[in-house]
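Beneath this line is the structure, given in structure tokens, with notes to follow.
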Amino acid sequence: MVAITDAGTMYGLIAVGAGLATGLAGIGAGVGEQGIGAAVVGVVAEEPGFLGKGLFLMLLPETLIIFGLAVSLILMFAWTPFAGLVTP
Amino acid sequence: MLRPVKMSRVVVAGSKDVIAPVVDKLHELRLLHIVNYNGSQPNFEMGKPIGKAKEYSEDLIKLRSISRYLDIKSKAPEKKYPESQVLSEMDNLLNNVGADTNATFERITAIDAEIKSKQDQIRTLKPLTVLPLPLESYYGYDSLATFVGTAASAVDADVAKVAPVSEVYSGSDKKATVVAVFVPVEKAGEVSSALAEHGFSEISVPRLEGSADSAITTLEGSIKSLEGEKAPLQKKLADMRKQYEDLMLATDEFLSVETQKTEAPLRFAETANAFVIDGWVPSDQFSGLKSGLESAAGGKVDVSLIDEKEADDLVEHGEDVPTKMDNPSLVRPYELITRLFAIPEYKEFDPSLLIFVFFPIMFGLILGDIGYGVMTLCVLVLLKRKFRTPGWQQLINIVMIASVWSIIFGFFFGEIFGPLGLWGRIFGHLPHEEIVKLQLQGLYFGEGVYGQFGRVGPLDIFPMDRLATNAVLLLIGTSIFIGVVHTGVGSILGIKTELNYGEKKHAYFERLPVLLFQLFFAIFLLGLVMGQMTMVGLGAIVILVSIVMMVMGPEGPMGMAHVPFYVSNLISYLRLLAIGLASVGLAFAANQLAFYVIMPMLSGGAHNSADFTAIAIVVGLAVLVVVHFINMLLGILSPFMHPLRLHYVEMFTKFYSAHGGGVEYAPFGHVRRFLKV
Numbered sequence: 017m018v019a020i021t022d023a024g025t026m027y028g029l030i031a032v033g034a035g036l037a038t039g040l041a042g043i044g045a046g047v048g049e050q051g052i053g054a055a056v057v058g059v060v061a062e063e064p065g066f067l068g069k070g071l072f073l074m075l076l077p078e079t080l081i082i083f084g085l086a087v088s089l090i091l092m093f094a095w096t097p098f099a100g101l102v103t104p
Numbered sequence: 002m003l004r005p006v007k008m009s010r011v012v013v014a015g016s017k018d019v020i021a022p023v024v025d026k027l028h029e030l031r032l033l034h035i036v037n038y039n040g041s042q043p044n045f046e047m048g049k050p051i052g053k054a055k056e057y058s059e060d061l062i063k064l065r066s067i068s069r070y071l072d073i074k075s076k077a078p079e080k081k082y083p084e085s086q087v088l089s090e091m092d093n094l095l096n097n098v099g100a101d102t103n104a105t106f107e108r109i110t111a112i113d114a115e116i117k118s119k120q121d122q123i124r125t126l127k128p129l130t131v132l133p134l135p136l137e138s139y140y141g142y143d144s145l146a147t148f149v150g151t152a153a154s155a156v157d158a159d160v161a162k163v164a165p166v167s168e169v170y171s172g173s174d175k176k177a178t179v180v181a182v183f184v185p186v187e188k189a190g191e192v193s194s195a196l197a198e199h200g201f202s203e204i205s206v207p208r209l210e211g212s213a214d215s216a217i218t219t220l221e222g223s224i225k226s227l228e229g230e231k232a233p234l235q236k237k238l239a240d241m242r243k244q245y246e247d248l249m250l251a252t253d254e255f256l257s258v259e260t261q262k263t264e265a266p267l268r269f270a271e272t273a274n275a276f277v278i279d280g281w282v283p284s285d286q287f288s289g290l291k292s293g294l295e296s297a298a299g300g301k302v303d304v305s306l307i308d309e310k311e312a313d314d315l316v317e318h319g320e321d322v323p324t325k326m327d328n329p330s331l332v333r334p335y336e337l338i339t340r341l342f343a344i345p346e347y348k349e350f351d352p353s354l355l356i357f358v359f360f361p362i363m364f365g366l367i368l369g370d371i372g373y374g375v376m377t378l379c380v381l382v383l384l385k386r387k388f389r390t391p392g393w394q395q396l397i398n399i400v401m402i403a404s405v406w407s408i409i410f411g412f413f414f415g416e417i418f419g420p421l422g423l424w425g426r427i428f429g430h431l432p433h434e435e436i437v438k439l440q441l442q443g444l445y446f447g448e449g450v451y452g453q454f455g456r457v458g459p460l461d462i463f464p465m466d467r468l469a470t471n472a473v474l475l476l477i478g479t480s481i482f483i484g485v486v487h488t489g490v491g492s493i494l495g496i497k498t499e500l501n502y503g504e505k506k507h508a509y510f511e512r513l514p515v516l517l518f519q520l521f522f523a524i525f526l527l528g529l530v531m532g533q534m535t536m537v538g539l540g541a542i543v544i545l546v547s548i549v550m551m552v553m554g555p556e557g558p559m560g561m562a563h564v565p566f567y568v569s570n571l572i573s574y575l576r577l578l579a580i581g582l583a584s585v586g587l588a589f590a591a592n593q594l595a596f597y598v599i600m601p602m603l604s605g606g607a608h609n610s611a612d613f614t615a616i617a618i619v620v621g622l623a624v625l626v627v628v629h630f631i632n633m634l635l636g637i638l639s640p641f642m643h644p645l646r647l648h649y650v651e652m653f654t655k656f657y658s659a660h661g662g663g664v665e666y667a668p669f670g671h672v673r674r675f676l677k678v
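Here the protein sequences line up with chains H and A, keeping their order. For the first sequence, the working numbering assigns the number 104 to the last residue and increments by one with no breaks. For the second sequence, the working numbering assigns the number 678 to the last residue and increments by one with no breaks.
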């Protein structure tokens with residue numbers, strides 16, 4: 017059996033938080049992209065020359081998930097007070 | 002290279018006697034981007050087509066309809082025809098071959114229609130096979146109304162109620178009850194509504210004779226004979242296609258060229274005796290154009306340059322200077338990515354060279370695996386032979402250069418089909434106790450070595466295992482650094498572009514503060530990480546200054562509203578690390594799953610690779626191949642899309658296309674693909 021320690025719980029919670037940050041941001045980016053994607057496909061079907069501009073618009077919300085990921089990375093690797101807890 | 006080719010504005014004026022040789026020569030030279038005459042000048046009229054314009058365009062329409070029947074599409078040329086051969090065979094092609102094709106095609110269409118109508122009849126006859134009546138008894142009555150169709154339930158009782166004198170036949174097949182009701186004409190209305198209550202839907206009986214079964218057999222027989230007639234006709238079309246394909250394409254090209262030439266004067270300005278052509282030509286080609294035209298027209302034409310001030314004036318009044326991108330052949334594929342977004346305007350920078358520099362590096366940094374890189378390269382070499390259209394070739398070249406970079410980064414990261422697997426077998430790795438020592442010191446960057454050279458680089462960071470904590474932190478910094486350089490180059494070009502347009506305020510108070518902000522925001526972050534308070538302070542001060550500059554800029558206080566966008570621009574470069582990590586993670590998981598879970602499990606808990614049973618190795622390898630294949634597909638798609646986004650969103654917004662897209666240089670002429678020059 018592995019003993020449940022405060023540090024362990026804390027690490028677990030950090031991991032859960034990191035997962036939520038990336039996951040929820042991903043859902044957000046997806047919701048943002050669905051409308052744009054549909055519209056872009058519509059435009060490109062009419063006027064293929066708009067593919068580049070359409071891609072540009074469609075990829076805009078992608079940044080959202082990177083924000084989530086940045087938060088996750090900070091939680092997992094860079095937040096020294098907690099990182100100290102993890103490796104005693 | 003960063004700028005489009007320099008253009009000069011040209012006016013060609015000459016006597017109408019020489020319009021035909023001048024047009025011929027222009028077409029041959031392919032130099033002049035003609036500016037269409039808009040009819041705005043007094044004393045000048047729009048030109049009229051010369052020669053056999055009408056005849057040629059009619060022939061072209063005829064030819065295109067024949068090639069549509071024969072299903073001929075443009076393709077890579079296999080054979081070239083001289084113009085004289087095309088001319089001598091054109092008549093035969095358009096009339097005899099055309100008539101033959103039309104007749105054959107029409108017969109096939111007619112047969113198809115007939116087969117379809119017979120199939121429809123069979124479909125309506127099928128339900129009637131359950132009734133005992135011959136087909137002729139369903140029609141041809143004066144005093145009787147007939148209802149034939151399917152019903153949901155039995156109708157006899159209700160029909161008898163409304164029309165005591167009546168005859169009802171019914172039978173049922175697998176799907177529905179089929180009924181045939183015969184009643185006096187005067188009861189038709191009432192019976193119809195009674196039937197409607199039983200969900201009656203009518204079948205229109207075809208006017209045939211005999212029993213339904215025998216009618217179906219006859220119909221099926223005639224369908225078979227029609228199909229027998231169709232097959233040789235289709236073969237005939239296919240044979241004709243094979244025989245005439247190249248000649249048709251060559252004739253199409255010939256007629257297109259001739260129509261272009263004969264209709265060209267529609268774009269010129271004309272008086273009773275003279276014509277004037279306006280256009281743009283690359284400055285260094287002007288002398289060639291001038292001497293070519295003058296010799297063709299025997300001196301009866303004047304070709305002159307308009308001086309720059311006057312040309313600027315024309316541009317001010319809405320004339321577009323065409324853009325001819327000028328890149329060495331290695332960079333040229335990347336024009337595809339530029340063009341996908343917009344054609345650069347004449348005064349703007351052409352970003353293709355920058356894409357050539359940054360795009361493959363970003364792709365390599367994300368994919369960064371020798372195994373995947375080599376596989377991609379092999380697949381692309383095969384694809385390059387298969388897809389020969391220029392668009393595909395460009396795309397394939399882009400990814401090929403990128404996959405070379407991914408092999409290079411694979412050496413930095415020590416990855417062959419994922420980390421910690423094959424690399425250790427091929428190039429060796431550190432002994433276990435040394436790894437533990439490094440981990441305790443917090444200096445662990447990975448365990449691979451370059452054979453006898455050991456680990457290299459400052460702090461021995463290469464080959465770097467991207468999943469190690471230290472490596473992740475280092476790559477975060479690298480990504481942001483690439484971001485600062487990338488957006489910084491964009492901002493500098495933005496400043497220069499605005500200066501080219503003469504917009505000093507936009508240059509110094511809209512573009513410059515962005516450059517300062519992003520550069521010193523990065524320095525500010527670096528200072529925080531390194532604990533250097535001077536850097537933090539310096540960063541903070543310059544950030545404040547840049548925000549003040551934004552407020553002073555053309556947009557006023559609204560300029561400040563873009564600040565979050567500039568921050569997110571930089572954070573966005575973290576995707577270079579993130580997407581790479583995701584694919585490394587998947588590759589790592591695949592290797593672990595195969596070598597440490599599936600193979601030991603199927604070998605009854607053996608831990609040594611020598612003890613693995615044959616079946617365990619087969620299953621493990623199958624899992625490896627499948628997961629790595631999926632990972633590689635994703636690993637080509639996302640490292641392509643995401644750097645594309647970084648260029649389009651993060652970089653282009655700094656300098657590109659803010660003044661709307663340009664017009665591509667399209668010189669008057671035609672590239673001959675199927676005709677011998």
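Where a beta carbon is used, it is the ideal one built from N, C-alpha and C, also for glycine.
Who are the neighbours of residue i on chain H, taking C-beta pairs under 7 Å?
i, result
"R646(A)", "L75, E78"
"R576(A)", "I82"
"A579(A)", "I82, L85"
Can you round the beta-carbon distance between residue i and residue j to whole angstroms, since I take them to be within the 8 Å contact cut?
i, j, result
"N328(A)", "M8(A)", "Between M8(A) and N328(A) the Cβ distance is about 16 Å, and since that is not below 8 Å, they are no contact."
"L64(A)", "T102(A)", "Contact doesn't hold; Cβ gap of about 11 Å is too wide."
"F428(A)", "V450(A)", "6 Å"
"V485(A)", "L582(A)", "Actually they are not in contact, since the Cβ atoms of V485(A) and L582(A) sit about 21 Å apart, beyond 8 Å."
"A265(A)", "F669(A)", "7 Å"
"E349(A)", "Y657(A)", "7 Å"
"A34(H)", "M92(H)", "5 Å"
"M326(A)", "P644(A)", "Between P644(A) and M326(A) the Cβ distance is about 20 Å, and since that is not below 8 Å, they are no contact."
"G663(A)", "I344(A)", "4 Å"
Which chain A residues sit within Cβ distance under 8 Å of residue i?
i, result
"I20(H)", "Those within 8 Å of I20(H) in chain A number zero; the least Cβ separation is about 24 Å."
"A86(H)", "I572, L575"
Taking 6 Å as the limit between beta carbons, can you name the residues of its chain near residue i, skipping five residues before and five after?
i, result
"S202(A)", "G150, T151"
"F510(A)", "M550, M553, G554"
"I436(A)", "E448"
"V13(A)", "I278, V304"
"I224(A)", "I116, K119"
"L622(A)", "none"
"A312(A)", "R10"
"K506(A)", "P555"
Near residue i, which residues of its chain fall below 8 Å by C-beta distance, leaving aside the five closest residues on each side in sequence?
i, result
"R679(A)", "In the structure displayed, chain A extends from 2 to 678; residue 679(A) sits before or after that span and is not available."
"F255(A)", "E84, V87, L88, M91, L676"
"E79(A)", "D247"
"G425(A)", "E448, G449"
Cutting at 7 Å between CB atoms, please list the residues of its own chain near residue i, excluding the five before and the five after it.
i, result
"Q122(A)", "P207, L220"
"F269(A)", "Y38, G48, F276, V277, I278"
"T686(A)", "The requested residue 686(A) does not occur in the structure, where chain A is confined to residues 2 to 678."
So is the beta-carbon of residue i under 7 Å away from any non-hydrogen atom of the ligand NAP?
i, result
"G372(A)", "In terms of ligand content, the structure shown is empty, and the ligand NAP therefore cannot be addressed."
Residue i touches chain A at which residues, Cβ-Cβ below 9 Å?
i, result
"A41(H)", "Correct list: empty, because the minimum Cβ distance to chain A is about 11 Å."
Residues of chain H with CB under 8 Å from residue i, in chain order?
i, result
"A270(A)", "Those do not exist, as A270(A) stays about 30 Å from chain H at its closest Cβ, beyond 8 Å."
> Hey, which unbroken runs of the alpha helix (DSSP H) at 4 residues or more fall wholly within the stretch 61-95 of chain H?
Replying inline: 67-75, 78-89
> Just by C-beta distance, which residues in the stretch 466-486 of chain A are closer than 7 Å to chain H?
Replying inline: T470, V473, L474, I477
> Taking any Cβ of chain H, which residues in the stretch 551-574 of chain A have a Cβ under 7 Å from it, in chain order?
Replying inline: S569, I572, S573
>> Give me the subset of the stretch 47-73 of chain H whose CB atoms are less than 8 Å from a CB atom of chain A, sorted by chain position.
In response: L67, G68, K69, L71, F72
>> Give me the subset of the stretch 517-528 of chain A whose CB atoms are less than 7 Å from a CB atom of chain H, sorted by chain position.
In response: none
> What are the uninterrupted segments assigned as beta strand (DSSP E) that are 3 or more residues long and contained completely in the stretch 362-421 of chain A, given in chain order?
Replying inline: none
>> Give me the subset of the stretch 617-649 of chain A whose CB atoms are less than 8 Å from a CB atom of chain H, sorted by chain position.
In response: M642, H643, L645, R646, Y649
> What residues in the stretch 340-371 of chain A bring their beta carbon closer than 9 Å to a beta carbon of chain H?
Replying inline: R340, L341, F342, A343
> Residue ranges of each beta strand (DSSP E) run of no fewer than 3 residues wholly in the stretch 100-186 of chain A, ordered along the chain?
Replying inline: 145-152, 168-173, 178-185
> Taking the runs of the alpha helix (DSSP H) that are 4 residues or longer, which of them lie wholly in the stretch 442-524 of chain A?
Replying inline: 470-501
> Unbroken alpha helix (DSSP H) runs of length 4 or more, entirely within the stretch 533-606 of chain A: which are they?
Replying inline: 534-553, 564-572, 576-593, 600-603
> Residue ranges of each alpha helix (DSSP H) run of no fewer than 4 residues wholly in the stretch 263-304 of chain A, ordered along the chain?
Replying inline: 287-298
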